[in-house]
Amino acid sequence: MKKPAYGPSLYYATDKNIFDALNEHKVDLPTIIELFEHRNIVVSKKTDRVDLARYFSRLTHDYHDNQSIAARLGVASRRERITSMAVNGIAGIDDITKAIEQMKAEMESVGDVVTVTRAGENLSVNIHYTKVDYKRNEFNQLQVRDGTVDFVRSGDRYIVRNTQNDYVNAIRDMVLERVEKNTGQGVSKDEISLFDVPFHKQRTKFFLELMNSLPDYSRRDVTDVYTFKPKPDPDDEAEDDIDTHVERVALRGNGVTRSEILNGLLDDRQYYICRVGWATAELKGIGNVYDIEAMFAEPKDCTGFSFLLRGVYPMEDGKVSSRKRTPLRAEVERISSVVEDKARELMEGFRKEISKQTEGDET
């Protein structure tokens, strides 16, 4: 697994880098005092931190100093959205296992930590990797992340569910390519997409039905709606002034789908929904409320469907708590399965409708 070149392998933090880093709010005074203690220098807690940072930045620094500062300024990992696809042509889990084992040594050679867990015909691959972002401060450019690729058996095919980012997507695709190479048989992928559903009303209907008709769940509120309208073709004479065009409109609040502003955009201005956030309550169980987000990464073509369980409002003492907690893994898996199954069902339904309309036009 080859990573892009990130420049020279050695990096030296200048005195300005050290000074700026020590004045960040994430670096507290005890951390600065500890850096001095490692040099057997005693400083007063009453000394201004700017003076301490200026003095320390003029000293020589080693690797451990940089790591200590970077640990304070490191970027906190955040949960990323999940995407999925249905894959046909894989005979069994052994084909996937073999492909991953072949790739594991190559991935670990570039510093990734790969953990594979198997449960019957299902397989989960966790990748612990690093990413460099040169747009950030020198001490928090290195970001440590975790990505997951799950292979879940569903009938005669596999549902491949993974963290949605370029790096993990590339690993997922490489595994499937390796399976094809090892078995000599083609593997077909069916992603959730509305690319071949060009009508704005149907694209909006996709999200409305997704929120309103999740099996065993009842929609409580819609908090986020993002709409999109691609810029018209310059040759399209129907547009009076193509130089004035608002491509995206985002609405946030409560009961957003009942807003006259939104309905005006969808009906009169021909915008369509490309991303939503809503709260839904489970009808079975204890009645927890789940905060969910679903979107298309490429709103123009409606491709790159992904979703995220942003949090859970637990039921406490007979009522829903106002505090949102981090979802459990079992909750993430359950909601992910429900959302992707419903999204795939809606996508296939729209495709059938368009197919019937096309056949009717031809006759």
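Residues in the sequence shown are numbered from 0 upward in steps of one, following numbering that gives the first Met the number 0.
A virtual CB, placed ideally from N, CA and C, is assigned to each residue, including glycine.
Inset, instruction - Just grab the DSSP bridge partners of GLU297 for me. - result: Taking the first residue of the sequence shown as position 1, residue 297 is located at position 298. Under DSSP, GLU297 shares a beta bridge with THR302.
Legend entry - Length at least 4, wholly inside the stretch 58-97: the alpha helix (DSSP H) runs in chain order: Contiguous alpha helix (DSSP H) elements confined to the stretch 58-97 occur at 62-72, taking only those with 4 or more residues.
Inset, instruction - Under the assumption that THR279 contacts VAL248 (Cβ atoms under 8 Å), give the Cβ distance between them as a whole number of angstroms. - result: Along the sequence shown, one-based indexing puts residue 279 at 280. Along the sequence shown, one-based indexing puts residue 248 at 249. Not a contact, Cβ separation roughly 24 Å.
Inset, instruction - Between the Cα of TYR271 and those of VAL311, ALA52 and LYS200, spot the shortest distance and give me the residue it belongs to. - result: By 1-based counting over the sequence shown, the position of residue 271 is 272. When each option's Cα is compared against that of TYR271, the closest is LYS200.
Inset, instruction - Within its chain, find whatever has a CB closer than 6 Å to the CB of ILE126; leave out the 5 residues flanking it on each side and keep chain order. - result: What you label residue 126 is simply residue 127 of the sequence shown in a count that begins at 1. ASP111, VAL113 and GLY146.
Legend entry - Own chain partners of ARG80 with C-beta closer than 8 Å, once the 5 adjacent residues on each side are dropped: Reading the sequence shown from its first residue, position 81 is the one you call residue 80. The answer, listed in chain order, is THR162, GLN163, GLU292, MET294, SER305, PHE306 and LEU307.
Legend entry - Where GLU105 falls, given that 16 or more other Cβ within 10 Å makes a residue buried: Position 106 of the sequence shown, counting from 1, holds the residue named residue 105. With fewer than 16 other Cβ atoms inside 10 Å of its own Cβ, GLU105 counts as exposed.
Inset, instruction - Express the C-alpha separation of SER43 and SER123 in angstroms, rounding to a whole number. - result: On the sequence shown, position 124 is the one that residue 123 refers to. On the sequence shown, position 44 is the one that residue 43 refers to. Spanning the two alpha carbons is a distance of roughly 52 Å.
Inset, instruction - Please report how far the alpha carbon of VAL41 lies from the alpha carbon of LYS130, in whole angstroms. - result: For the purposes of this step, residue 41 is identified with residue 42 of the sequence shown, where counting begins at 1. For the purposes of this step, residue 130 is identified with residue 131 of the sequence shown, where counting begins at 1. Distance between the alpha carbons of VAL41 and LYS130: 37 Å.
Legend entry - Proximity of TYR412 and VAL86 at Cβ, strictly below 8 Å: Given a span of 0 to 362 for the chain in the structure shown, any question on residue 412 remains unanswerable.
Inset, instruction - Please list, in chain order, all residues of the same chain as LEU282 whose beta carbon is under 7 Å from its beta carbon, the five residues on each side excluded. - result: Taking the first residue of the sequence shown as 1, we reach residue 282 at position 283. Cβ within range, chain order: ASP215, TYR216 and SER217.
Inset, instruction - Given a cut-off of 8 Å, decide if ARG117 and THR96 are closer than it, judged by their beta-carbon atoms. - result: Residue mapping note: residue 96 aligns to position 97 of the sequence shown, counting from 1. Residue mapping note: residue 117 aligns to position 118 of the sequence shown, counting from 1. In this structure, ARG117 lies closer than 8 Å to THR96 by Cβ.
Legend entry - Cβ pair MET210, TRP277 closer than 8 Å: Start at 1 with the first residue of the sequence shown, and residue 210 comes out as number 211. Start at 1 with the first residue of the sequence shown, and residue 277 comes out as number 278. The Cβ-Cβ distance between MET210 and TRP277 falls below 8 Å.
Inset, instruction - Report all residues from its chain with a CB closer than 7 Å to the CB of PRO7; omit the five preceding and five following residues, and keep chain order. - result: Residue 7 sits at position 8 when you count from the first residue of the sequence shown. Here the model assigns PRO7 a pLDDT of 45, short of 50, so the residue's position is not dependable and the matter cannot be decided.
Legend entry - Spatial neighbours of PHE35 in its chain, beta-carbon cut-off 6 Å, leaving aside the 5 residues before and after: What you label residue 35 is simply residue 36 of the sequence shown in a count that begins at 1. Non-local beta-carbon contacts of PHE35 in its own chain, meaning distances under 6 Å to residues more than five positions away in sequence, involve VAL42 in chain order.
Legend entry - Three-state class that DSSP yields for PRO7 in the structure shown: Residue 7 sits at position 8 when you count from the first residue of the sequence shown. Any answer about PRO7 is weak, because its pLDDT of 45 lies below 50 and its placement is not dependable; what the coordinates show is given next. DSSP places PRO7 in coil when its eight states are reduced to three.
Inset, instruction - Starting from VAL115, trace the beta strand (DSSP E) both ways and give me its first and last residue. - result: Taking the sequence shown and counting its residues from 1, the one referred to as residue 115 is at position 116. 112-118 is the span of the beta strand (DSSP E), which, as asked, contains VAL115.
Inset, instruction - Determine the direct distance from the alpha carbon of GLN66 to that of ILE99, and round the result to whole angstroms. - result: Position 100 of the sequence shown, counted from the start, is the residue given in the question as residue 99. Position 67 of the sequence shown, counted from the start, is the residue given in the question as residue 66. For ILE99 and GLN66, the gap between their C-alpha atoms comes out near 33 Å.
Inset, instruction - Report the residue from VAL26, GLU344 and VAL49 whose alpha carbon sits nearest the alpha carbon of ASP64. - result: Stepping through the sequence shown from its first residue, residue 64 is reached at position 65. Answer by Cα proximity: VAL26.
Legend entry - the ligand MN heavy atom lying under 7 Å from the CB of ALA12: This structure lacks the ligand MN; in fact it carries no ligand of any kind.
Inset, instruction - May I have the straight-line CA-CA distance separating ALA20 from ILE68, to the nearest angstrom? - result: As a working note, residue 20 is residue 21 in the sequence shown. As a working note, residue 68 is residue 69 in the sequence shown. Annotation: ALA20 to ILE68 spans about 7 Å, alpha carbon to alpha carbon.
Legend entry - When LEU327, GLU315 and ARG343 are compared against GLY286, the one with the closest alpha-carbon: On the sequence shown, residue 286 is found 287 positions in, with the first residue counted as 1. Measuring from the Cα of GLY286, the nearest candidate turns out to be GLU315.
Legend entry - Exposed unless 16 or more other CB atoms sit within 10 angstroms - verdict on ASP93: As a position in the sequence shown, residue 93 is number 94, starting the count at 1. With fewer than 16 Cβ atoms within 10 Å of its Cβ, ASP93 is classed as exposed.
Inset, instruction - Work out the CA separation of SER354 and PRO368 for me, nearest whole Å. - result: Any answer about residue 368 is impossible in this case: the structure gives the chain only from 0 up to 362.
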